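Using the working numbering, the first residue of the sequence shown is number 3, and each one after it goes up by one.
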Amino acid sequence: MRQILFTASALLTLFTTASAEPISWFMPDGVRYDEAIPVPDDYLRHGMGDKPVRHDQLVGYLSELAEASDRIAVETIGYTHEGRPILFFTVTSPENHENLDDIREAHLARVRGDEDADSDTPMMIWLNYGVHGAESSGMDAVIPSLYHFAAARDAETQETLERSVLLVVGILNPDGHSRRANYVETYAGDVPVTDPAHIQHNMWTEARTNHYWFDLNRQWLLQTQPESRAWVSKWHEWKPHVSADFHEMGSEASYYFHPGEPKRLNPLIPDQARVLTKRIADRHRDFMDSEQRLYFTEQGFDNFYIGKGSTYPQVNGGLGILFEAGAARGGKIETSNGERTYADNIRTHFRTTLSTIKGSLEQEDEIKAFQDDFFETALEEAANDDTKAYVFFSGSDLGKTNRFLDVLRQHDVTVHHLSDTAELDESKPQGEGDAYIVPLDQRQYRMVLGIFDRVTEFEENIFYDVSGWTLTDAYDLVSRSVDEDEFDAGMLGEEVTSVTDVPQVKAPAPARYGYVFDWSEYYAPRALYRLLSEDVLVRIASEPFDIRTAEGDVAFERGAVFVPLIRQEKSDEEIHAIMEEIARKDGITVTAATSGAADVATDAVGGRSFSAIEKPSVLLLVDDGLAPYDAGEIWHLLDHTMQMPVTIRRKGELRGLDWSRYTHLLMVGGGNVGLSDSAEKRVSQWVSEEGGTLIAMRQSAVWAQENILGVEAEDDDAKDEDEEETPLRLNYSEMDEKEAEHIIGGAIFLTDIDPSHPIGYGYEDRHLPVLRNTTLTLEWPEDDPYAVVAAYEGEDDLLLSGYTSERRIKEIADTPAVIAERKGRGAVILIADNPSFRATFLGSQKLVMNSIFFSQTIRRASGDYEEE
Numbered sequence: 003m004r005q006i007l008f009t010a011s012a013l014l015t016l017f018t019t020a021s022a023e024p025i026s027w028f029m030p031d032g033v034r035y036d037e038a039i040p041v042p043d044d045y046l047r048h049g050m051g052d053k054p055v056r057h058d059q060l061v062g063y064l065s066e067l068a069e070a071s072d073r074i075a076v077e078t079i080g081y082t083h084e085g086r087p088i089l090f091f092t093v094t095s096p097e098n099h100e101n102l103d104d105i106r107e108a109h110l111a112r113v114r115g116d117e118d119a120d121s122d123t124p125m126m127i128w129l130n131y132g133v134h135g136a137e138s139s140g141m142d143a144v145i146p147s148l149y150h151f152a153a154a155r156d157a158e159t160q161e162t163l164e165r166s167v168l169l170v171v172g173i174l175n176p177d178g179h180s181r182r183a184n185y186v187e188t189y190a191g192d193v194p195v196t197d198p199a200h201i202q203h204n205m206w207t208e209a210r211t212n213h214y215w216f217d218l219n220r221q222w223l224l225q226t227q228p229e230s231r232a233w234v235s236k237w238h239e240w241k242p243h244v245s246a247d248f249h250e251m252g253s254e255a256s257y258y259f260h261p262g263e264p265k266r267l268n269p270l271i272p273d274q275a276r277v278l279t280k281r282i283a284d285r286h287r288d289f290m291d292s293e294q295r296l297y298f299t300e301q302g303f304d305n306f307y308i309g310k311g312s313t314y315p316q317v318n319g320g321l322g323i324l325f326e327a328g329a330a331r332g333g334k335i336e337t338s339n340g341e342r343t344y345a346d347n348i349r350t351h352f353r354t355t356l357s358t359i360k361g362s363l364e365q366e367d368e369i370k371a372f373q374d375d376f377f378e379t380a381l382e383e384a385a386n387d388d389t390k391a392y393v394f395f396s397g398s399d400l401g402k403t404n405r406f407l408d409v410l411r412q413h414d415v416t417v418h419h420l421s422d423t424a425e426l427d428e429s430k431p432q433g434e435g436d437a438y439i440v441p442l443d444q445r446q447y448r449m450v451l452g453i454f455d456r457v458t459e460f461e462e463n464i465f466y467d468v469s470g471w472t473l474t475d476a477y478d479l480v481s482r483s484v485d486e487d488e489f490d491a492g493m494l495g496e497e498v499t500s501v502t503d504v505p506q507v508k509a510p511a512p513a514r515y516g517y518v519f520d521w522s523e524y525y526a527p528r529a530l531y532r533l534l535s536e537d538v539l540v541r542i543a544s545e546p547f548d549i550r551t552a553e554g555d556v557a558f559e560r561g562a563v564f565v566p567l568i569r570q571e572k573s574d575e576e577i578h579a580i581m582e583e584i585a586r587k588d589g590i591t592v593t594a595a596t597s598g599a600a601d602v603a604t605d606a607v608g609g610r611s612f613s614a615i616e617k618p619s620v621l622l623l624v625d626d627g628l629a630p631y632d633a634g635e636i637w638h639l640l641d642h643t644m645q646m647p648v649t650i651r652r653k654g655e656l657r658g659l660d661w662s663r664y665t666h667l668l669m670v671g672g673g674n675v676g677l678s679d680s681a682e683k684r685v686s687q688w689v690s691e692e693g694g695t696l697i698a699m700r701q702s703a704v705w706a707q708e709n710i711l712g713v714e715a716e717d718d719d720a721k722d723e724d725e726e727e728t729p730l731r732l733n734y735s736e737m738d739e740k741e742a743e744h745i746i747g748g749a750i751f752l753t754d755i756d757p758s759h760p761i762g763y764g765y766e767d768r769h770l771p772v773l774r775n776t777t778l779t780l781e782w783p784e785d786d787p788y789a790v791v792a793a794y795e796g797e798d799d800l801l802l803s804g805y806t807s808e809r810r811i812k813e814i815a816d817t818p819a820v821i822a823e824r825k826g827r828g829a830v831i832l833i834a835d836n837p838s839f840r841a842t843f844l845g846s847q848k849l850v851m852n853s854i855f856f857s858q859t860i861r862r863a864s865g866d867y868e869e870e
């Protein structure tokens with residue numbers, strides 16, 4: 003009867019669309035399915051492959067499937083920014099389900115190296131479906147996969163469930179997928195359109211990403227988004243042996259599966275991982291060959307950046323496998339390889355799910371031995387490593403440090419407070435504040451290296467992603483290695499086992515005169531905006547000062563925020579309540595002042611070195627050639643992290659805008675950053691005559707320097723006309739390597755920042771690491787010697803981590819990194835890099851916040867200056 007329903011459903015579907023298929027079409031031949039298990043055709047009211055399945059339908063059907071099957075358990079492991087649930091499924095035999103906690107604990111005991119651990123536990127196989135919302139078949143493939151394991155009644159499936167625990171994140175990116183499904187539905191007609199030019203086929207970035215336009219497949223390491231935090235926490239609860247990750251690529255491509263490009267393997271990944279992955283790939287090849295399908299492997303996709311879903315497992319004791327299907331986003335699409343269908347992509351991902359499991363179980367003993375060996379050799383390599391630990395210091399910024407500690411905790415890295423009795427070599431770099439130590443003698447040794455180590459030498463300089471991601475540099479934390487001669491176990495103080503979202507600080511006592519807090523704290527901008535949004539009058543220090551408190555004199559640096567009690571519309575009690583909220587919600591230490599000066603003060607808080615600050619109103623331009631990732635990172639910083647409203651407007655839709663509403667205009671980088679002639683003229687007028695501030699980054703900074711400030715760029719490629727040159731001829735086969743020779747592979751560079759400049763307030767030293775992935779450079783200002791807030795270091799000190807050619811180092815060394823200039827009544831601030839790259843470079847994020855709050859405090863240079 004169930005098969006009759008299958009057939010009837012298929013006939014009905016085929017009359018309504020040519021691309022949909024009944025669930026039976028996806029399933030392997032010769033397998034009997036339990037009629038009591040609900041089929042997706044009945045629930046969805048359309049066949050699989052007709053269109054992307056809506057998130058609510060996925061949640062509804064998969065939850066119903068788990069309810070109907072004793073082989074599947076489901077739990078919600080997190081929620082997206084838009085409030086959608088992220089579902090996690092545990093799939094195994096009913097007998098294993100009864101003992102699942104014991105099975106997991108026995109597996110983890112083996113990972114920990116416990117001698118008494120049970121070695122006969124099932125394999126742990128992790129399946130990622132749909133990290134990129136635009137790659138819909140990667141997500142919808144979860145439906146036939148879970149249906150198969152819920153309903154199949156053949157002996158092979160039964161054995162698979164007895165021998166394995168399948169760990170399935172069915173909906174990794176619900177927000178992006180929902181945008182994709184809605185887009186496809188919006189442009190769907192009664193008759194499928196296979197023309198690649200049809201609008202239905204062409205939504206990519208907005209759906210690929212999450213709510214704030216983050217590529218979640220770069221978040222396994224960085225951990226700034228709720229989706230990735232949910233998966234990684236669950237991943238480490240299970241420490242899977244094998245992880246499979248399902249994606250889509252361009253429609254003209256065929257089908258790809260790992261292992262990846264052999265020359266681009268992260269050195270932290272053992273060679274045996276590639277050997278075992280190739281053997282699993284034999285099973286994918288068997289299936290593809292059996293149906294005469296086109297495919298490729300070991301080309302294009304690499305395993306270098308450790309923050310991707312198929313690479314992260316490989317530096318954490320597992321195998322990672324990437325799958326990519328040529329996309330058919332509107333149901334059907336024409337390609338040079340023939341017509342491609344969405345349903346076929348779903349089916350192929352499902353079948354390679356089965357081949358992944360089969361190939362893994364065939365090598366069960368070898369893969370388990372590999373995981374055992376991975377952690378054992380990690381300890382051996384740590385014992386032989388000249389470096390024994392990494393130490394890092396909080397400085398005065400506890401908020402930034404807490405976020406870094408949380409990242410370490412997410413990655414199961416053991417970290418300790420540096421013991422009070424520890425003695426560090428004073429000849430090496432030191433930092434202020436609380437000190438922490440991460441020993442290398444731990445089973446996460448390779449992950450520790452991936453987080454802390456700086457790498458500047460590479461076998462090959464072609465990168466699918468960034469080449470440098472040292473997180474202590476990203477967070478602008480002072481850190482250094484501890485070698486064998488310096489290290490002793492007594493350095494390890496209390497282990498850090500929990501971290502709060504914001505530091506836990508004491509609430510301030512009621513003040514008699516006013517309140518002060520440091521600008522160096524990461525969440526200080528959030529606290530300042532909290533005050534300004536409550537119409538509290540605030541003054542900002544442009545010079546260091548001391549102030550008297552009940553506990554004695556306290557020193558503060560430039561940028562410190564002072565809130566006087568006089569001339570406020572709010573009562574002293576209301577202001578104190580806001581200060582308590584700042585301490586509680588922002589983790590900011592607020593000092594209650596008893597006087598306007600201290601005995602050693604060079605200036606009182608009522609003096610000229612303090613200026614009032616007005617509430618900013620920010621306009622962020624997007625689309626029309628501006629990089630969506632960059633824009634999303636700035637939006638996330640301001641809106642989500644700093645709790646500031648941001649007006650978002652398309653770059654090409656500035657006509658009729660009420661510019662008087664805005665104090666700041668933010669333009670990120672991109673491939674086409676220029677404005678129309680009329681918009682450019684209006685922005686220039688808004689800056690110079692109306693006092694607006696333009697903050698431009700990456701390519702927009704170069705554009706603004708030339709078009710708003712009128713600085714012409716020098717031609718670096720200009721050649722001596724008298725120089726005779728022989729025409730260059732190269733082999734075509736060398737194109738990829740030659741073109742990559744002078745790229746900047748997402749490397750980390752060191753800049754020298756002026757902490758006395760308003761855009762440099764809150765930095766505790768002159769060293770600021772920034773991430774750079776463009777070759778563009780800014781010109782030195784000619785008329786204002788104070789305009790360069792930060793400059794790249796010289797050639798010898800410039801590169802901290804990642805790949806950059808010697809030629810690019812010479813070009814970038816000693817050029818401006820940040821420029822802040824007055825223009826008429828307003829200001830133009832140019833930032834050569836992306837200061838909020840993937841929401842992880844917390845150090846350089848402060849440049850954006852300072853530019854927003856302090857741009858109007860920048861003074862214009864006067865007079866002629868000669869080089870000293």
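Glycine included, every Cβ here is placed at the ideal spot set by N, Cα and C.
Computed from a prediction, not measured in an experiment: that's the story for all the values here.
{"query": "Bounding residues of the beta strand (DSSP E) (the contiguous stretch that carries H419)", "result": "H418 to L420"}
{"query": "G762, buried or exposed, once every other Cβ within 10 Å from all chains shown has been counted against 16", "result": "buried"}
{"query": "Three-state class that DSSP yields for E239 in the structure shown", "result": "helix"}
{"query": "Y477 beta carbon near the ligand PLP (any heavy atom closer than 8 Å)", "result": "Looking for the ligand PLP in the displayed structure turns up nothing, as the structure carries no ligands at all."}
{"query": "V186, enclosing beta strand (DSSP E) - first and last residue", "result": "No beta strand (DSSP E) holds V186; the alpha helix (DSSP H) holding it covers P176 to T188."}
{"query": "Own chain partners of G397 with C-beta closer than 8 Å, once the 5 adjacent residues on each side are dropped", "result": "T403, G433, E434, G435, L479, V480, S522 and E766"}
{"query": "Identity of the residue in D588, V501 and R514 nearest Y531 by Cα", "result": "D588"}
{"query": "Given 8 Å, three or more beta-carbon pairs between the region 701-712 and the region 670-686", "result": "yes"}
{"query": "Which listed residue (P228, A557 and N836) has its alpha carbon closest to that of D177", "result": "P228"}
{"query": "Proximity below 9 Å, CB of P272 to CB of F151", "result": "no"}
{"query": "Beta-carbon proximity check, H413 vs W240, cutoff 9 Å", "result": "no"}
{"query": "Contact between the region 96-104 and the region 140-147 (3+ Cβ pairs under 8 Å)", "result": "no"}
{"query": "Exposure label - S121; buried when at least 16 CB within 10 Å", "result": "exposed"}
{"query": "Contact set for S613: own chain, Cβ-Cβ below 8 Å, skip 5 residues either direction", "result": "R541, I542, S544 and T859"}
{"query": "Unbroken stretches of the alpha helix (DSSP H), 4 residues or longer, contained in the region 73-126", "result": "96-100 and 102-114"}
{"query": "Element boundaries [alpha helix (DSSP H), containing V61]", "result": "H57 to A70"}
{"query": "Residue of E158, E293 and V820 minimising C-alpha distance to D835", "result": "V820"}
{"query": "contact_flag[the region 768-787, the region 841-851] where n(CB pairs < 8 Å) is 3 or more", "result": "yes"}
{"query": "Local conformation of V195 per DSSP, three classes", "result": "coil"}
{"query": "Whole-number beta carbon distance between P194 and P242, since they are thought to touch under 8 Å", "result": "Between P194 and P242 the Cβ distance is about 38 Å, and since that is not below 8 Å, they are no contact."}
{"query": "Validate contact between the region 790-810 and the region 581-600 using beta carbons, cut 8 Å, 3 pairs", "result": "no"}
{"query": "For A594, the first and last residue of its enclosing beta strand (DSSP E)", "result": "T593 to A595"}
{"query": "Proximity to F216 [Cα-Cα], best of S230, M205, H203 and N204", "result": "S230"}
{"query": "DSSP three-state assignment for F306, whether helix, strand or coil", "result": "coil"}
{"query": "Minimum C-alpha distance to H249 - residue among K653, F519, G115 and S312", "result": "S312"}
{"query": "Residues of its chain near A380, where Cβ-Cβ distance is below 6 Å and the 5 sequence neighbours each way are ignored", "result": "R445, Y447 and R448"}
{"query": "Host alpha helix (DSSP H) of R287 (start-end)", "result": "D273 to S292"}
{"query": "Residue environment, K812, which counts as buried when at least 16 other CB atoms sit within 10 Å", "result": "exposed"}
{"query": "Residue span of the alpha helix (DSSP H) that contains K683, given as start and end", "result": "D679 to S690"}
{"query": "Cα-Cα separation between K721 and A681, rounded to whole angstroms", "result": "Because the pLDDT of K721 is 42, which lies under 50, any placement of that residue in the model is unreliable, and the question is left without a value."}
{"query": "As assigned by DSSP and simplified to three states, the class of R210", "result": "helix"}
{"query": "Check whether M205 and R114 have beta carbons under 9 Å apart", "result": "no"}
{"query": "Coil, strand or helix - L321 by DSSP", "result": "strand"}
{"query": "The region 687-699 in contact with the region 646-653 per 3-pair CB rule at 8 Å", "result": "no"}
{"query": "F298, buried or exposed, once every other Cβ within 10 Å from all chains shown has been counted against 16", "result": "exposed"}
{"query": "DSSP beta-bridge partners of M669", "result": "A698"}
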